[in-house]
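Have a look at the structure below before the remarks.
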Amino acid sequence: MANTQDQASLNDHDYSMDGIREACFDELIEEEMQMAKPLSDHNPFQSPNPKKMKRRDESKKVNMESIYNAIYALSQRFEEGLDAFEGKFDNFEQRIQNNEKEVIENKNEIIQLKAQVDRLTKENKELKERCREIERYGRRWNLKLIGLPEKENEDTREMVIGILTRVIPISVEQLRDKVDTVHRLGKKDDPAFNMRPRPIIVQFGMRTTRDEIWRRSREARVCKELHVQFRQDWSKEDREARAKLYPTVQEARRNGKKAYLKEGYAIIDGKRVEAPFTG
């Protein structure tokens, strides 16, 4: 009896499940049919407002015109700036060309001036050498007497002639004719001479007399007795040049070379050697 009731209960349950399946299937079909209806029956999107669309189009048109005007104005400014830059560039290029031309002209002028300076420097050097040679020529007629004491109210010329008569065997009258001028150098009591007697310049009227006295004075007894010396009357430049060249001449002599000093230069093995320039 119990089994019969259980079976009946299961049959009722199966019937209920079938009904539920059919109901769900029907709802699904209906839903599918609803979804298959034309869209014209129901459109979730509303159609745009024509007025709003027109205003939007006009706004876009205005914006495009503004953009175009801005671009045009910008292009105009760019062209104007470009024209101005081209003008400045052309002016700058012209200035560069002018500067290059001036540089070339100045360079040529400098070359000419340099050549002129070189020529003038050469001429100046030659003129100086000529003046030195003229001075040397005049000094070749002179002798310098060193070491003769000074006296108050001395007659320097007669004192020197008295010494010369003992150097060469000629009379006083002849020497008076051959000696031109005699005078001491510098001022009396000049501290530059360091309490030594001032040197005496003796200028001769005849070169042969001067040269003979120069040769004989080196061995003359009177010079040794009076402790005096006759020397060449060199110029200041020649004295300085000889002082610079003297070590060179001494070195050449030690090496067996023939070397001696002249007025402002030296002769070593027949070649002229100038004093080094110290500017």
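Residue numbers for the sequence shown follow our numbering, beginning at 16 and rising by one.
Glycine is no exception: its CB is placed at the ideal position from the N, C-alpha and C atoms.
Since we're looking at a predicted model, the values are computed, not measured.
Pairwise C-alpha distance: residue j and residue i
i, j, result
"Lys202", "Phe208", "10 Å"
"Arg12", "Pro291", "The chain is shown from 16 up to 294; residue 12 falls before or after that span and cannot be answered."
"Val264", "Lys272", "9 Å"
"Ile149", "Ile161", "24 Å"
"Pro214", "Leu163", "8 Å"
"Asp195", "Ala130", "47 Å"
"Arg155", "Trp249", "9 Å"
"Met221", "Ala267", "35 Å"
"Met210", "Lys277", "30 Å"
"Glu165", "Glu252", "28 Å"
"Ala51", "Tyr83", "For Ala51, the pLDDT reaches just 48, beneath the cut-off of 50, and the residue's location in the model is therefore unreliable, leaving the point undetermined."
"Thr136", "Leu260", "25 Å"
"Glu115", "Phe93", "32 Å"
"Phe104", "Asn78", "38 Å"
"Val132", "Gln109", "34 Å"
"Leu89", "Asn106", "25 Å"
Residue i - DSSP class collapsed to helix/strand/coil
i, result
"Lys203", "coil"
"Lys277", "coil"
"Val288", "strand"
"Lys159", "strand"
"Asp98", "helix"
"Val132", "helix"
"Asp195", "strand"
"Ile283", "strand"
"Ile183", "coil"
"Gly153", "helix"
Buried or exposed (CB count within 10 angstroms, at least 16 for buried), residue i
i, result
"Arg225", "buried"
"Ile86", "exposed"
"Ser232", "buried"
"Leu200", "exposed"
"Ile176", "buried"
"Phe245", "buried"
"Ile119", "exposed"
Contact under 8 Å by Cβ, residue i with residue j
i, j, result
"Ile9", "Lys159", "In the structure as shown, the chain starts at 16 and stops at 294, and residue 9 therefore has no counterpart that could be examined."
"Ala256", "Gly285", "no"
"Arg172", "Val237", "no"
Any chance you could list the beta strand (DSSP E) runs of at least 3 consecutive residues sitting entirely within the region 211-268, in chain order?
-> Look at the region 211-268 and you find these whole runs of beta strand (DSSP E), each 3 residues long or longer: 215-219 and 244-247.
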